[in-house]
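Novice: Quick note: the sequence shown, position 60, residue 60 per full-length UniProt numbering, numbers continuous. Pasting in a structure now, in structure tokens, and then I'll have a few things to ask.
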Amino acid sequence: MAQQVKAVVAHAVGEPVRIETITVPDPGPGEAVVKVQACGVCHTDLHYREGGINDEFPFLLGHEAAGIVESVGEGVTDVAPGDFVILNWRAVCGQCRACRRGRPWYCFDTHNAKQRMTLADGTELTPALGIGAFAEKTLVAAGQCTKVDPSASPAAAGLLGCGVMAGIGAAINTGNVGRGDSVAVIGCGGVGDAAIAGARLAGAERIIAVDIDDEKLRTAIRIGATHSVNSRKEDAVERIRELTGGFGADVVIEAVGRPETYEQAFYARDLAGTVVLVGVPTPEMKLELPLLDVFGRGGSLKSSWYGDCLPSRDFPMLIDLYRQGRLDLDAFVTETIALDEVEQAFTRMHEGRVLRSVVQF
Numbered sequence: 001m002a003q004q005v006k007a008v009v010a011h012a013v014g015e016p017v018r019i020e021t022i023t024v025p026d027p028g029p030g031e032a033v034v035k036v037q038a039c040g041v042c043h044t045d046l047h048y049r050e051g052g053i054n055d056e057f058p059f060l061l062g063h064e065a066a067g068i069v070e071s072v073g074e075g076v077t078d079v080a081p082g083d084f085v086i087l088n089w090r091a092v093c094g095q096c097r098a099c100r101r102g103r104p105w106y107c108f109d110t111h112n113a114k115q116r117m118t119l120a121d122g123t124e125l126t127p128a129l130g131i132g133a134f135a136e137k138t139l140v141a142a143g144q145c146t147k148v149d150p151s152a153s154p155a156a157a158g159l160l161g162c163g164v165m166a167g168i169g170a171a172i173n174t175g176n177v178g179r180g181d182s183v184a185v186i187g188c189g190g191v192g193d194a195a196i197a198g199a200r201l202a203g204a205e206r207i208i209a210v211d212i213d214d215e216k217l218r219t220a221i222r223i224g225a226t227h228s229v230n231s232r233k234e235d236a237v238e239r240i241r242e243l244t245g246g247f248g249a250d251v252v253i254e255a256v257g258r259p260e261t262y263e264q265a266f267y268a269r270d271l272a273g274t275v276v277l278v279g280v281p282t283p284e285m286k287l288e289l290p291l292l293d294v295f296g297r298g299g300s301l302k303s304s305w306y307g308d309c310l311p312s313r314d315f316p317m318l319i320d321l322y323r324q325g326r327l328d329l330d331a332f333v334t335e336t337i338a339l340d341e342v343e344q345a346f347t348r349m350h351e352g353r354v355l356r357s358v359v360q361f
């Protein structure tokens with residue numbers, strides 16, 4: 001039987017979000033209903049509200065979530081009612097050319113639930129990243145549910161569903177950071193700090209945090225950076241080179257998504273080094289680099305989409321590291337809030353006052 005639950009809905013560009021009663025249908029074939037326990041407030045949700053993703057209003061916001069599977073539809077075998085899961089927005093198809101080549105983290109045909117959740121009047125909702133987890137319960141494709149150890153804190157575990165996984169994966173999966181490497185991370189918000197945590201996990205010897213905010217740099221040091229650079233006060237490229245014997249970092253991770261910071265990343269890397277773009281640019285942004293420099297410096301220029309993660313592989317592993325005390329996911333949870341505090345959380349996030357606000361049910 002369909003259920004009515006409370007949820008956060010964005011109705012128009014720039015309008016404050018509202019708490020609405022929505023209808024969650026019973027799961028159909030390949031689908032699952034999840035009782036949400038916690039959901040992080042991510043900048044992508046604000047992008048949705050501001051019309052920066054598309055114009056398919058009304059949006060059911062929220063996507064960095066963990067919870068308990070309540071029911072599953074026909075044909076679902078990987079998860080069952082009662083399982084503690086992290087939600088992801090990359091339910092791989094298993095059939096596309098990437099999946100068939102053994103690279104499912106690049107799946108070109110990921111999918112979401114076929115049914116739509118609705119407002120009380122029947123208006124269909126567009127769930128953020130196919131999840132919509134600022135809600136007491138949500139409907140997703142079963143492949144969007146990754147079973148993990150239930151002893152993990154839902155508030156911490158849910159963050160792997162987006163920003164923290166994006167940062168850790170940018171370092172480990174995309175950047176291939178290895179033992180003894182030098183790494184610079186430009187932009188120390190939630191994703192950048194997660195990249196720092198990922199570099200530390202991978203055994204990087206020197207991890208340089210770059211930002212224009214001293215408080216963010218202090219947080220980056222607590223997360224695992226060995227050095228910090230305030231690029232408002234000094235030349236970031238020159239300082240990174242000074243800290244790496246004059247050469248530049250082996251891997252530079254750009255977690256801002258702006259042309260000027262990407263250019264810093266490009267010139268702050270060592271010859272044959274790697275640049276990883278994980279910050280999300282806006283459509284109008286353009287990048288201009290001398291082609292001779294691109295050729296002459298060698299190395300790799302990569303983009304990292306969702307940390308090139310495979311949830312079924314990466315989420316359980318990272319939760320195990322969290323339980324062992326080797327990955328401090330709790331450090332990313334600045335505050336826990338109620339469902340009706342999401343709008344205020346957007347303001348604090350925009351002002352850079354939090355790593356993550358987490359809605360806790």
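C-beta: ideal position from N, C-alpha, C; glycine also.
1. Going by the DSSP bridge assignment, what does Arg360 pair with across the sheet?
2. Could you give the DSSP three-state label for Glu260: helix, strand or coil?
3. Leu310 and Val92: beta carbons closer than 9 Å?
4. Give me, in chain order, the residues of the same chain whose beta-carbon lies closer than 7 Å to that of Val69; leave out the 5 immediate sequence neighbours on both sides.
5. Among the residues of its own chain, which have a CB less than 6 Å from the CB of Ser303, if the five just before and after it don't count?
6. Cα separation between Ala225 and Leu125?
7. Whole-angstrom Cβ separation of Gly62 and Ile168, contact assumed at under 8 Å?
8. Determine the direct distance from the alpha carbon of Val237 to that of Ala141, and round the result to whole angstroms.
9. Tell me the start and end of each unbroken alpha helix (DSSP H) in the stretch 270–313 that is at least 4 residues and wholly inside, in chain order.
10. Compute the Euclidean distance between the alpha carbons of Ala113 and Gly73, then round it to the nearest angstrom.
11. Out of Ala265, Val210, Cys188, which one is the CA nearest neighbour of Val251?
12. Which one or two residues does DSSP pair with Val33 in a beta bridge?
13. Here's the rule: buried if 16 or more other CB atoms are within 10 angstroms of the residue's CB, otherwise exposed. What is Met165?
14. So what does Ser182 bridge to, in DSSP terms?
15. Counting C-beta neighbours from all protein chains within 10 Å, is the total for Leu271 16 or more, i.e. buried, or is it exposed?
16. Which one of Gly28, Glu254, Leu301, Ile19 has the shortest CA to CA distance from Glu136?
17. Is it true that the stretch 240–248 meets the stretch 274–289, where meeting means three or more beta-carbon pairs spaced less than 8 Å apart?
18. Smallest Cα separation from residue 368: which of Arg49, Ala249, Val8?
19. Opposite Leu119 in the DSSP bridges: which residues?
20. Within the same chain, show all residues whose beta-carbon is closer than 6 Å to that of Ile172, passing over the 5 residues directly before and after it, in chain order.
21. Straight-line CA distance for Lys220 to Val191?
22. Is Ile319 near Val41, with beta carbons less than 9 Å apart?
Specialist: Reading it off the structure:
1. It should be noted that the sequence gives Gln, not Arg, for residue 360. DSSP lists Ala38 as partners of Gln360.
2. helix
3. yes
4. Ala32, Val34, Val79, Ala80, Pro81, Gly82, Asp83, Val85, Cys145
5. Leu277
6. 41 Å
7. Not really, about 21 Å apart at Cβ, beyond 8 Å.
8. 44 Å
9. 291–297
10. Looking at the two C-alpha atoms, the distance is approximately 11 Å.
11. From the listed residues Ala265, Val210, Cys188, the smallest Cα separation to Val251 is found for Ala265.
12. In the DSSP assignment, Val33 is bridged to Ser71, Leu139.
13. buried
14. The secondary-structure analysis by DSSP pairs Ser182 across a beta bridge with Arg206.
15. exposed
16. Ile19
17. no
18. Because residue 368 is not part of the residues shown, which for the chain are 1 to 361, the question remains open.
19. Ile22
20. Gly198, Ala202
21. Checking the displayed sequence, the identity of residue 220 turns out to be Ala instead of Lys. Going from the Cα of Ala220 to the Cα of Val191 covers about 11 Å.
22. no
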